[in-house]
Structures are given as C-alpha cells and as structure tokens.
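Participant: Take a look at the following structure, please.
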Amino acid sequence: MTLLVVALLGWGGVTPARASEDALMVTGDVIFTRPVCLLATVLGSVLFVVALPVAATSGSIHDTAYVLVKQPAAATFTRPLGDFSALR
Numbered sequence: 005m006t007l008l009v010v011a012l013l014g015w016g017g018v019t020p021a022r023a024s025e026d027a028l029m030v031t032g033d034v035i036f037t038r039p040v041c042l043l044a045t046v047l048g049s050v051l052f053v054v055a056l057p058v059a060a061t062s063g064s065i066h067d068t069a070y071v072l073v074k075q076p077a078a079a080t081f082t083r084p085l086g087d088f089s090a091l092r
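Position in the sequence shown counted from 1, then plus 4, gives you our numbering.
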C-alpha cells in the first residue's frame, strides 16, 4: 500500500512555482505588493457582495467574481514571490 501511495504521489506532473532569485524583487513583493494585493482581495470581496444583486440580475456573477475576488486572490496567494508577470 505504501509503494502504491508513493508511486501515485510521484506520478503527478506538477511543476512547483519558483520564486525570483532577485532579493530586491522578493523583498518588495513581501513588504509592499502582497499586502496591497490582500487589501484588494478584501475590498473586492466587499464590492462583490454589494454588486451581487446587480450582477445576478444581469447574469454576470461569474465575471464579477473573477474580476473582483479571484484575480486579486490569485495575485496574493498563488503567485510565486518576486514574479510580477501575472500582475498586468
């Protein structure tokens, strides 16, 4: 059973995200960009709740959630440190 679990874990083709090797970029990301992205996620969530009745009426709940909540959350929690290419 242990060999099966180890084989299944090793079978996944997940490539780990790599952080930038530039210390200034990583430091700037940790000190400034991540907190700003977290604030954008919180404010976007509040705006999403406020805009929810209008989004539901227009049938754009998924688009509104993507722009106001999912994009800032991805920039905050899943983006590699020092990688600003996803922040366009």
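Even for Gly, the Cβ is constructed at its ideal location relative to N, Cα and C.
Enumerate in chain order the residues of its own chain whose CB-to-CB distance from ILE65 is below 8 angstroms, with the five nearest sequence positions on each side excluded.
Facilitator: Against the sequence shown, residue 65 aligns to sequence position 61. Hits under 8 angstroms: LEU56 and ALA59.
Participant: Spatial neighbours of LEU28 within its chain, please: CB distance less than 8 angstroms, with the 5 preceding and 5 following residues excluded, ordered by chain position.
Facilitator: Numbered from 1 along the sequence shown, position 24 holds the residue referred to as residue 28. None.
Participant: Mind reading off the beta-carbon distance from ALA79 to LEU91? Whole number of angstroms is fine, and I expect it under 8 angstroms.
Facilitator: Residue 79 sits at position 75 when you count from the first residue of the sequence shown. Residue 91 sits at position 87 when you count from the first residue of the sequence shown. Between LEU91 and ALA79 the Cβ distance is about 6 angstroms, and since that is below 8 angstroms, they are a contact.
Participant: Buried or exposed: where does PRO39 fall if 16 or more other Cβ atoms within 10 Å of its Cβ makes it buried?
Facilitator: In the sequence shown, counting from the first residue as 1, residue 39 sits at position 35. Exposed.
Participant: Thinking C-alpha only, which one of PRO76, THR61 and PHE52 is nearest THR68?
Facilitator: As a first step, residue 68 must be located in the sequence shown, where it is residue number 64. It is PHE52 whose Cα lies nearest to the Cα of THR68.
Participant: Smallest Cα separation from VAL50: which of CYS41, LEU72 and ASP33?
Facilitator: Indexing the sequence shown from 1 puts residue 50 at position 46. Measuring from the Cα of VAL50, the nearest candidate turns out to be LEU72.
Participant: Give the range of the alpha helix (DSSP H) segment to which SER62 is assigned.
Facilitator: Locating residue 62 in the sequence shown gives position 58, counting from the first residue. Segment 38 to 62, the alpha helix (DSSP H) holding SER62.
Participant: Decide if THR96 is buried, meaning its Cβ has at least 16 other Cβ atoms within 10 Å, or exposed.
Facilitator: Outside the displayed span of the chain (5 to 92) sits residue 96, for which this structure offers no information.
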